[in-house]
Amino acid sequence: MNIVGGNYYCLLAGLPEISPDDKKLTLSVGDYRTYLCDYLTEDEMNIINLFFLPNDNTQILRILNGNEPDASLQTVFDIERLRDELAEPVSLPAYLIKYILDSRDEERESSNRLPETDLSEAYWKYMLSCRNSMVRRYVEFSMNVKNLLTALNCRKHHLDIEKEVIGDGRFTEMLKTSKARDFELGDDFPYVADVISLFEKDNLAEREYAIDMLYWNFLDKETTHRYFSLENVIAFMLKLMIVERWSKLSSDEGRRVFESLVVRLKNDFKFSKEFNL
């Protein structure tokens, strides 16, 4: 049952209300994605799937590194398909095909960055080509926030910002060159002050949650007066991802996972982790 003429009323009217503090969900991200298949066109589902491609990126890297794929990840392409594409890439998104082919080129000049960072940059550039304007704005916002956090971490640990941030716009350029506390970005990007303030929090869980709320508020603003639209369908999914993440972390197992993450962040800093969606 595909929606005709962009009328998303039936789809959205059947969804439960969610809030950032929900501990138990009546709808999972996986169930929502399956639900959307009954309502959206193929082109619309391709937009939805853009937000799951980071999991495919992870699987590709795991396989290339000789590790077993993570069966828990919700990917766009199944594991066997990814293995086949690694042997002969023909139908993956263009950025992944290029990355796979480049990985075979022993004479390719090294970027002096982690493979995760190179692949993340290719993915974000691919996302910025999406035909949906809200998706492009969300991607730009998300990339700026993640780049800013990475730059702040580089400053804290006296590392080279230029090697870690991605993209080539003004925001990224200022992160690379400015010595100002706010990288001379605060006037044009009001959320920069919020991110810097949150970065200075000692409690990592509170910091991560507050940053997720920046995304939540961004989505609220983007969907104001767009009650029954594809933008609202996308925003609900992104919010559901946030709630599902924190509902898992509220369990005993989730707390153990988060505590191990905190230890790793303190003892073995990894910049590329900032670029997961």
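When we follow this note's numbering, the leftmost residue of the sequence shown carries the number 3, and every step to the right adds one.
Even glycine gets a Cβ: it sits at the ideal position worked out from N, Cα and C.
If you're wondering where the values come from, they're calculated on a predicted model, not measured in any experiment.
- Counting along the chain, the unbroken alpha helix (DSSP H) around residue 159 starts and ends at 135-159.
- Here residue 28 is not near residue 57, since their CB atoms are 9 Å or more apart.
- Listed in chain order, the non-local C-beta contacts of residue 183 below 6 Å within the same chain number zero, local neighbours out to five positions each way being set aside.
- Restricting attention to alpha helix (DSSP H) runs no shorter than 4 residues, the segment 52-78 encloses them at 55-66, ordered along the chain.
- Distance from the CA of residue 165 to the CA of residue 123, rounded to the nearest whole angstrom, comes to 12 Å.
- Assigned with DSSP and collapsed to three states, residue 12 falls in helix.
- In the DSSP annotation of this structure, the continuous segment of the alpha helix (DSSP H) that includes residue 39 starts and ends at 31-39.
- Our two residues, residue 106 and residue 119, have alpha carbons roughly 17 Å apart in a direct line.
- Annotation for residue 211: the continuous alpha helix (DSSP H) segment containing it runs 206-224.
- Per DSSP, the unbroken alpha helix (DSSP H) holding residue 89 starts and ends at 81-89.
- Excluding sequence positions up to five before and after residue 103, its CB lies within less than 8 Å of the CB of 91, all in the same chain and listed in chain order.
- Cβ neighbours of residue 245 within its own chain (closer than 7 Å, five residues either side excluded): 20, 22, 24, 27.
- Here the segment 219-228 makes contact with the segment 125-143; the two share three or more CB pairs at distances below 8 Å.
- For residue 235, the enclosing alpha helix (DSSP H) covers residues 232-251.
- Judged by beta-carbon spacing, residue 242 lies beyond the 9 Å limit of residue 74, meaning their Cβ atoms are not closer than that value.
- It is roughly 13 Å from the alpha-carbon of residue 223 to the alpha-carbon of residue 238.
- Judged by pairs of C-beta atoms under 8 Å, the segment 199-214 does not touch the segment 171-182, as fewer than three such pairs exist.
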